[in-house]
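Numbering (the working numbering), first residue to last: 787 to 1078.
Note that beta-carbon positions come from the ideal geometry of N, C-alpha and C, so glycine has one too.
The structure appears below as structure tokens.
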């Protein structure tokens, strides 16, 4: 009978430990994924900004020397990520591929212009910067027109600011929720041993002596939960990098390593503090209060 009861108690204890580890791992995993989003939010925003194209249309009378000089200067400009020359013939083929019709059969000639598509660096994709670049290029006589989607640029920058603000707010709230959830799991685990804590106290054990094994066990569970969470984060990061290689998510190794270390340390600290507070609470309770 005693052996059967001991086995039951052992299974119950293991089940309690597993539930605590799972709770810690899930909370830290979600918190870590949010951290990955925060770290890479600027990179993602920059990626979309750099898809904005400034198209420079050239006069038909533009000399080859002038065009070549412009291409070289644009390629070397601090604001330029890439500059691509598109002839009127290439533009006609692209339009034909997009529409599925050859518009020159109706028009009788090619009305399109030779152009240069400039992909700007993210820091220069603002209304003010684009206006300055456009004005600096407009004084060249062989440039007929400069076009870019200003409404899209304004909308993109406004959305980036809003998203960044809300991501920070959500990160703060989620961190608080993570602390509360892990604290609740630890408190429940300690609550089940409240009579053992009080019994040890009644036979003369000091508070620090009673707390030590509970704190150490919780820290061990926190370490296991953190390792599980970090493994999940590594898998998610790996598959995101495979799916979106252009974002180069693994390039910023220092920030990612710092996040992983931060999540690990956070798991240990939260479990240590939660266990300390929970055991202290039961140590300060009177015996008759343990039943409520």
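- Each of 928, 939, 946, 916 was checked against the Cα of residue 866, and the nearest Cα belongs to 916.
- Rounded to the nearest angstrom, the Cβ distance from residue 928 to residue 847 is 7 Å, consistent with a contact under 8 Å.
- Inside the segment 870-943, DSSP marks whole alpha helix (DSSP H) runs of 4 or more residues at positions 874-885, 890-893, 913-924, from first to last along the chain.
- Here the segment 1032-1048 makes no contact with the segment 988-1003; the two share fewer than three CB pairs at distances below 8 Å.
- If you draw a straight line from the Cα of residue 968 to the Cα of residue 801, it comes to about 16 Å.
- Remark: C-beta atoms of residue 815 and residue 1014 approach each other more closely than 9 Å.
- Annotated as proximal: residue 939 and residue 911, with beta-carbon spacing under 9 Å.
- Cα atoms of residue 825 and residue 1019: separation of roughly 13 Å, rounded to the nearest angstrom.
- Per the DSSP secondary-structure output, residue 868 pairs in a beta bridge with 905.
- Secondary structure within the segment 994-1075: the alpha helix (DSSP H) runs of 4 or more consecutive residues, fully enclosed, are 1039-1070 (chain order).
- Under the 8 Å Cβ criterion, the segment 820-838 does not count as touching the segment 988-997, having fewer than three qualifying pairs.
- Per DSSP, reduced to three states, the secondary structure at residue 847 is coil, with no helix or strand assignment.
- Looking at 906, 991, 852, the one whose alpha-carbon comes closest to that of residue 863 is 906.
- Residue state for residue 839 is assigned as strand, using DSSP reduced to three classes.
- Annotation: residue 804 to residue 1046 spans about 22 Å, alpha carbon to alpha carbon.
- For residue 842, the closest alpha carbon among the candidates 858, 914, 934, 918 is that of 934.
- Contact between residue 1008 and residue 1040 does not hold, since their C-beta atoms are separated by about 25 Å, which reaches or exceeds 8 Å.
- Counting of Cβ neighbours within 10 angstroms places residue 811 among the buried residues, the total reaching 16 or more.
- For residue 989, the three-state secondary structure derived from DSSP is coil.
- In this structure residue 964 does not touch residue 806 by the C-beta definition: roughly 14 Å separates them, more than the 8 Å allowed.
- The C-alpha of residue 874 is placed about 50 Å away from the C-alpha of residue 818.
- Contact between residue 857 and residue 902 holds: their C-beta atoms lie close to 6 Å from each other, under 8 Å.
- Rounded to the nearest whole angstrom, the C-alpha separation of residue 870 and residue 855 is 13 Å.
- Contact check for residue 853 and residue 844: beta-carbon distance about 6 Å, within the 8 Å limit, so the pair qualifies.
- Under a 10 Å Cβ-count criterion, residue 948 is classified as exposed, with fewer than 16 other Cβ atoms of the shown protein chains found around its own Cβ.
- Considering only 1011, 1025, 827, 1042, the residue with the shortest C-alpha distance to residue 945 is 827.
- Assignment of residue 811 by DSSP, reduced to helix, strand and coil, places it in the helix class.
- Within the same chain, and ignoring the five residues on either side of residue 1004 in sequence, the residues whose Cβ sits closer than 6 Å to its Cβ are 972, 1057, 1061.
- Here DSSP, grouped into helix, strand and coil, assigns residue 861 to helix.
- Take residue 921, set aside five residues on each side of it, and no residue of its chain has a beta-carbon closer than 7 Å to its own.
- Excluding sequence positions up to five before and after residue 1022, its CB lies within less than 8 Å of the CB of 819, 822, all in the same chain and listed in chain order.
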